[in-house]
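FYI, in the numbering used here the residues of the sequence shown are 137 to 201.
No residue lacks a Cβ here, since even glycine has one placed at the ideal position from N, Cα and C.
Predicted, not measured: the structure shown is a model, and the values here were computed from it.
Report on one structure; see the data block that follows.
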Amino acid sequence: MTVAVVLLTIALVLIVGLLVAAGAGKLARMDGATCPAALTRAATAFATVITLAAAVTAALAVLTT
137 MTVAVVLLTI ALVLIVGLLV AAGAGKLARM DGATCPAALT RAATAFATVI
187 TLAAAVTAAL AVLTT
């Protein structure tokens, strides 16, 4: 059961990260950014979501021990 919860949480974080990245890329293109600039913004947004998830995981790990 625990492994299933971990895998579902990882999948959820990745889906949210991809949605945020797609939104950031689309907003950048609508703002008039070039394709490389939009990809850079999308990659930064994706990395931010993953980093935030890792920070929350680390904080929860400290609190539960």
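Per DSSP, what kind of secondary structure is residue i in: helix, strand or coil?
i	result
A181	helix
G168	coil
T201	coil
According to the neighbour-count rule (16 or more other Cβ atoms, all chains shown, within 10 Å of its Cβ), is residue i buried or exposed?
i	result
A178	buried
G168	exposed
G159	exposed
message: Is it the case that the region 146-159 contacts the region 178-194, given that we only count it when at least three CB pairs across the two stretches are under 8 Å?
response: yes
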